[in-house]
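The opening position of the sequence shown corresponds to residue 43 in the working numbering, with each subsequent residue numbered one higher. Backbone N, C-alpha and C define an ideal beta-carbon position, used for all residues, glycine too. Given the structure is predicted, the values throughout are model-derived calculations rather than measurements.
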Amino acid sequence: MPLAVSEEQLRTLHAWVAARNTPQKIVLRSRIILLAHDGVANGAIARRLDTSRPNVLKWRGRFAQGGPPALTEEAPGRGRKARILADQVAAMVQATLHTKPAHATHWSTRTMAKAQGISHSSVQRIWDAHGLQPHRTRTFKLSRDQRFVEKLRDVVGLYLNPPEKALVLCVDEKCQIQALQRSQPSLPLKRGRCGTMTHDYKRHGTTTLFAALDLLDGTVIGDCLGRHRHQEFLKFLRRIDRETPAGSDLHLIVDNYSPHKHQRVKAWVAKHPRFQLHFTPTSCSWLNLVERWFAQLANKRIRRGDFRSVAQLIAAIEDYLAHSNQQPKPFVWTASVESILAKVNRRKAIYGTAH
């Protein structure tokens, strides 16, 4: 007689069978239930799955009583006994969180295993179970700007609710882009081997890319200049003035780099009232969307490039600019001010504790 299995239970059993990380004992039990649902006799199931008929009957009965969760449970007293006691696990977790080895900045599986008197594979399993990764770090920096909230609301407001009949431009400089020539030709990508490049190089000089990303359509106004003083910033502002519609207001999102606040820049902006500068909080480069475009430029065109001169580097950047503007893809800002402040406050709370 076929075993009654609901559609939802069937989906669960098929998922367990298909998943690569499902324990084999769970896979076997799931297959027993699926064959029983198809009406296969108990003896035939046992022969097909290379198990015993009593085992088939046992898991049919367990499933009938408890559904799929019953297939994952072991009877009391069965299964492999734990070799590492709960107190040992708790002590190792506490040591991972609150201590460091004598001559290193963080624990490894082997140094922790030696300190705790267990195997490094046991350390790895315990760390995985508790979500601990001592070998990894993530960088962060909290802004100390006294006007952080005010500036955040100003910039995010432009992203989420840009003013009508105006352009929002994310403006910044990518400074000190180096024209690096590798000491030997790179080896090409081939099956079983990634592309390679030498670690040493010859420097041929640098350039600075001034860029203004249009929030609406993703196009970029760019200009490579030899330095990044207020004089060059003024030159770039004049280019923006020439290459944007004359009747539209311009809202420029910029950081707190000193040339952006130079007296001559302030005087020029005062004479051109359609320009309005909006400053991001200090230490918040992530708030300027043009940084995301700079990352694409570095990854796709500069980092693996081989340049014999600054002129060759500038030509590569201008080529990427032209290609990017032919098929522009705007970056869409989605984070609200409230969600950002909540994340910053959580980080401040963690920063104020021991870890």
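Proximity to T376 across N203, A171, I87 peaks at N203, based on C-alpha coordinates.
Counting only runs of 3 or more residues that sit fully inside the stretch 235-273, the beta strand (DSSP E) segments are 243-256, 262-267, in chain order.
Every alpha helix (DSSP H) of 4 residues or more that sits fully in the stretch 268-346 is shown, in chain order, as 272-285, 305-313, 332-339. Residue pairing by DSSP places C212 opposite L255, I295 in a beta bridge.
For L91, DSSP assigns no beta-bridge partner whatsoever. Under DSSP, Q218 forms no beta bridge with any residue. In this structure, DSSP gives Q223 an extended state, which the three-state scheme calls strand.
One Cα belongs to P111, the other to S228, and the distance between them is close to 55 Å.
Assigned with DSSP and collapsed to three states, L127 falls in coil, not helix or strand. Counting along the chain, the unbroken alpha helix (DSSP H) around I75 starts and ends at 66-79. In the structure shown, K207 adopts coil according to DSSP, grouped into three states.
Judged by DSSP in its simplified three-state form, L229 adopts strand.
By the Cβ-count criterion, T179 is exposed, with fewer than 16 other Cβ atoms from all chains shown falling within 10 Å of its own Cβ. Rounded to the nearest whole angstrom, the CA to CA distance from K156 to T322 is 49 Å. Around the beta carbon of E215, 16 or more other beta carbons sit within 10 angstroms, so the residue counts as buried. Around the C-beta of C217, fewer than 16 other C-beta atoms lie within 10 Å, and the residue is accordingly described as exposed. Residue environment: A221 is assigned as buried (16 or more neighbouring CB atoms within 10 Å of its CB, all protein chains considered).
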